[in-house]
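**Q** My questions all concern the structure below.
In the numbering used here, the protein residues as written are 504 to 686.
This is the structure:
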């Protein structure tokens, strides 16, 4: 008999935390993780629209893996934070710096758009923009319960910037701008 994925423990409106404890499913940390899960799925749409093994596909897979680390940290009660492992279940300053390095490297490849861009130039860029907006929502939610010494907010902030840069990169040299011809 295959293993069951349902436990019925959440039928009371609570969910388990990493290292123990239960919280309501509408608590801020669980809402943050739900939105991060949505962002991972949107990043998956971008991966699915990109060529297997391509640079964008591999970058997105690595970012999705990083988000599991972030979600582990968010799903840990304060009294269990000492159990978290840097880079495995705890977001680090190095992870944030790595995003900054990717942003800088990508922005060196193209001229920055001169205005806001209109999303949808191609399926990959559109999915990246969609993921970016979801990450921004996760960031707004995470602000409600900041954790001292945590890099979760910084990571989400840089990730949204990176997704923006990746979308512009995937558009190629021509970005449809918000202020432009309607012809």
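We treat Cβ as the ideally placed atom computed from N, Cα and C, and that holds for glycine.
#1: Can you tell me the Cβ-Cβ gap for residue 517 and residue 644, rounded? I've got them flagged as a contact below 8 Å.
#2: With a cut-off of 8 Å on the beta carbons, I'd call residue 659 and residue 638 a contact; round off their distance for me.
#3: Closest to residue 631 by CA distance: which of 573, 672, 569 is it?
#4: Note down the Cα distance separating residue 681 from residue 563, rounded to an integer number of angstroms.
#5: My assumption, with CB atoms under 8 Å, is that residue 646 sits in contact with residue 662. Please give the rounded CB distance.
#6: How many Å lie between residue 552 and residue 635 at the Cα?
#7: Going straight from the alpha carbon of residue 686 to that of residue 613, what length do you get?
#8: Under a three-way DSSP split, which group does residue 454 fall into?
#9: Restricting to Cα atoms, I'd like to know which of 683, 524, 536, 616 is closest to residue 577.
#10: Going by beta-carbon coordinates alone, are residue 533 and residue 539 separated by less than 8 Å?
#11: With DSSP as the reference, label residue 646 as helix, strand or coil.
#12: Can you look up residue 591 in the DSSP assignment and give me helix, strand or coil?
#13: Among residues of its own chain, excluding the 5 on either side of residue 668, which ones have a beta-carbon nearer than 6 Å to its beta-carbon?
#14: Mind checking which residues open and close the alpha helix (DSSP H) that includes residue 550?
#15: Just tell me which of 640, 651, 565, 665 has its CA closest to the CA of residue 541.
#16: Once DSSP output is grouped into helix, strand and coil, what is the label at residue 510?
#17: Helix, strand or coil for residue 627 per DSSP?
#18: Whose CA, out of 677, 529, 588, 586, lies closest to the CA of residue 619?
**A** Looking at the coordinates:
#1: As a first step, residue 517 must be located in the chain shown, where it is residue number 14. As a first step, residue 644 must be located in the chain shown, where it is residue number 141. No, residue 517 and residue 644 are not in contact; Cβ-Cβ is about 19 Å, not under 8 Å.
#2: Taking the first residue of the chain shown as 1, we reach residue 659 at position 156. Taking the first residue of the chain shown as 1, we reach residue 638 at position 135. At roughly 6 Å, the Cβ-Cβ gap stays under 8 Å, so residue 659 and residue 638 are in contact.
#3: Counted from its first residue, the chain shown places residue 631 at position 128. With respect to the C-alpha of residue 631, the residue from 573, 672, 569 having the closest C-alpha is 672.
#4: Counting from 1 along the chain shown, the entry for residue 681 is found at position 178. Counting from 1 along the chain shown, the entry for residue 563 is found at position 60. For the pair residue 681 and residue 563, the Cα-to-Cα distance works out to about 27 Å.
#5: Counting from 1 along the chain shown, the entry for residue 646 is found at position 143. Counting from 1 along the chain shown, the entry for residue 662 is found at position 159. With a Cβ gap of about 15 Å, residue 646 and residue 662 do not count as contacting.
#6: Start at 1 with the first residue of the chain shown, and residue 552 comes out as number 49. Start at 1 with the first residue of the chain shown, and residue 635 comes out as number 132. Rounded to whole angstroms, residue 552 to residue 635 spans 16 Å at the Cα level.
#7: The sequence position of residue 686 within the chain shown is 183, counting from 1. The sequence position of residue 613 within the chain shown is 110, counting from 1. At residue 686 the pLDDT is 44, less than 50, meaning the model places this residue with poor confidence and gives no usable figure here.
#8: This structure cannot speak to residue 454, because the chain is shown only from 504 to 686.
#9: Here residue 577 refers to the residue found at position 74 of the chain shown. With distances taken between CA atoms, residue 577 lies nearest to 536 out of 683, 524, 536, 616.
#10: By one-based count along the chain shown, residue 533 stands at place 30. By one-based count along the chain shown, residue 539 stands at place 36. It is not a contact, given that the beta carbons lie outside the stated cut-off.
#11: As a first step, residue 646 is located in the chain shown; it is residue number 143 there, counting from the start. Three-state DSSP puts residue 646 in coil, outside helix and strand.
#12: Counting from one through the chain shown, the residue named residue 591 turns up at place 88. Three-state DSSP puts residue 591 in coil, outside helix and strand.
#13: Residue mapping note: residue 668 aligns to position 165 of the chain shown, counting from 1. The residues are 606, 609, 610.
#14: The count along the chain shown starts at 1 and reaches residue 550 at position 47. That run of the alpha helix (DSSP H) goes 531-552.
#15: Translated into positions along the chain shown, residue 541 becomes position 38. That would be 640, whose Cα lies nearest to the Cα of residue 541.
#16: Here residue 510 refers to the residue found at position 7 when the chain shown is read from its first residue. In this structure, residue 510 counts as coil in the three-state DSSP scheme.
#17: Start at 1 with the first residue of the chain shown, and residue 627 comes out as number 124. In the three-state reduction of the DSSP assignment, residue 627 falls in the helix class, which pools H, G and I.
#18: If you number the chain shown from 1, residue 619 lands on position 116. When C-alpha distances from residue 619 are compared across 677, 529, 588, 586, the shortest belongs to 677.
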